[in-house]
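What follows is a single structure, written as structure tokens, with notes after it.
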Amino acid sequence: DGGITQSPKYLFRKEGQNVTLSCEQNLNHDAMYWYRQDPGQGLRLIYYSQIVNDFQKGDIAEGYSVSREKKESFPLTVTSAQKNPTAFYLCASSTRQGGDYGYTFGSGTRLTVV
Amino acid sequence: QKEVEQNSGPLSVPEGAIASLNCTYSDRGSQSFFWYRQYSGKSPELIMFIYSNGDKEDGRFTAQLNKASQYVSLLIRDSQPSDSATYLCAVKGGGSQGNLIFGKGTKLSVKP
Numbered sequence: 007d008g009g010i011t012q013s014p015k016y017l018f019r020k021e022g023q024n025v026t027l028s029c030e031q032n033l034n035h036d037a038m039y040w041y042r043q044d045p046g047q048g049l050r051l052i053y054y055s056q057i058v059n060d061f062q063k064g065d066i067a068e069g070y071s072v073s074r075e076k077k078e079s080f081p082l083t084v085t086s087a088q089k090n091p092t093a094f095y096l097c098a099s100s101t102r103q104g105g106d107y108g109y110t111f112g113s114g115t116r117l118t119v120v
Numbered sequence: 013q014k015e016v017e018q019n020s021g022p023l024s025v026p027e028g029a030i031a032s033l034n035c036t037y038s039d040r041g042s043q044s045f046f047w048y049r050q051y052s053g054k055s056p057e058l059i060m061f062i063y064s065n066g067d068k069e070d071g072r073f074t075a076q077l078n079k080a081s082q083y084v085s086l087l088i089r090d091s092q093p094s095d096s097a098t099y100l101c102a103v104k105g106g107g108s109q110g111n112l113i114f115g116k117g118t119k120l121s122v123k124p
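Sequences listed follow chains A and B, in order.
Positions in the first sequence are counted from 1; adding 6 to them yields this note's numbering.
Positions in the second sequence are counted from 1; adding 12 to them yields this note's numbering.
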């Protein structure tokens with residue numbers, strides 16, 4: 007079955023540590039996105055990529071980094087520069103048309119700072 | 013700044029009633045409109061999309077779009093407790109590369 011897989015489901019980060027969240031899709035989608043969701047808040051766009059080897063900052067890119075070396079993969083690194091990383095992280099993908107048919111979301115990664 | 017506004021709720025309706033969820037958007041060039049359902053602790057899932065003015069029905073769900081007034085709504089008929097979730101409205105901005113802009117969601121509670 008085609009879909010989008012995020013791992014791990016839960017992640018714990020110590021202060022000052024970088025962590026990487028995985029996102030893989032087999033939907034043959036060109037575009038991929040990372041969102042952050044805080045309790046009671048909407049989705050805030052971190053980074054997005056419309057094509058391999060290219061990505062753009064979203065509204066809250068500071069303290070995060072991404073890569074897009076393969077069409078199927080769009081990992082997100084939460085760096086030590088992100089001062090408040092505890093949140094629910096969602097990866098999504100869509101066709102090249104920029105979401106004319108909506109986004110497909112992964113199941114999410116819940117990151118907690120310990 | 014392109015915005016999508018939703019009443020955060022909670023919206024409480026009795027089982028079997030019609031739930032009406034509303035959304036307004038600021039970008040007049042918006043072309044595509046989506047409703048996502050998000051259960052607590054889970055990721056959003058697409059339940060409806062609409063591109064043209066008027067109504068679109070899918071089972072118990074009806075999406076309504078009025079581009080002149082810049083609002084889109086979702087009606088849920090015969091509401092069930094399993095419909096209790098947060099409903100996110102998303103709007104695709106104008107242009108071929110416009111990303112989806114999400115509202116903060118309306119929390120719906122269906123009481124047995």
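In this text, a Cβ means the ideal position worked out from N, Cα and C, and glycines have one as well.
Since we're looking at a predicted model, the values are computed, not measured.
Beta carbon of residue i nearer than 8 angstroms to that of residue j
i      : j       : result
Q62(A) : Y53(A)  : yes
I10(A) : Q43(A)  : no
E21(A) : V119(A) : yes
G28(B) : D95(B)  : no
A98(A) : Y109(A) : yes
Reduced DSSP secondary structure (H/G/I, E/B, other) of residue i
i       : result
P125(B) : Lying outside 13 to 124, the shown extent of chain B, residue 125(B) is not represented and no answer is given.
K104(B) : strand
V72(A)  : strand
S99(A)  : strand
G66(B)  : strand
Y109(A) : coil
K116(B) : coil
N111(B) : coil
Beta bridge counterpart(s) of residue i as assigned by DSSP
i       : result
E78(A)  : In DSSP, E78(A) forms no bridge with anything.
L33(A)  : Answer is none; L33(A) lacks a bridge partner.
P178(B) : The requested residue 178(B) is not part of the displayed model; chain B covers only 13 to 124.
K54(B)  : Partner(s): none; K54(B) has no beta bridge.
I10(A)  : Q31(A)
Q88(A)  : In DSSP, Q88(A) forms no bridge with anything.
Residue i burial status per 10 Å Cβ neighbour count (16 or more: buried)
i       : result
K119(B) : buried
Y80(B)  : Strictly speaking, residue 80(B) in this sequence is Ala, with Tyr absent from that position. Flag for A80(B) reads exposed.
R102(A) : exposed
F45(B)  : buried
P26(B)  : exposed
I113(B) : buried
A102(B) : buried
Pick from the options that is closest to residue i, judged by C-alpha positions
i      : options                        : result
G21(B) : A37(A), G46(A), E21(A), L27(A) : G46(A)
Y83(B) : V122(B), A97(B), N65(B)        : N65(B)
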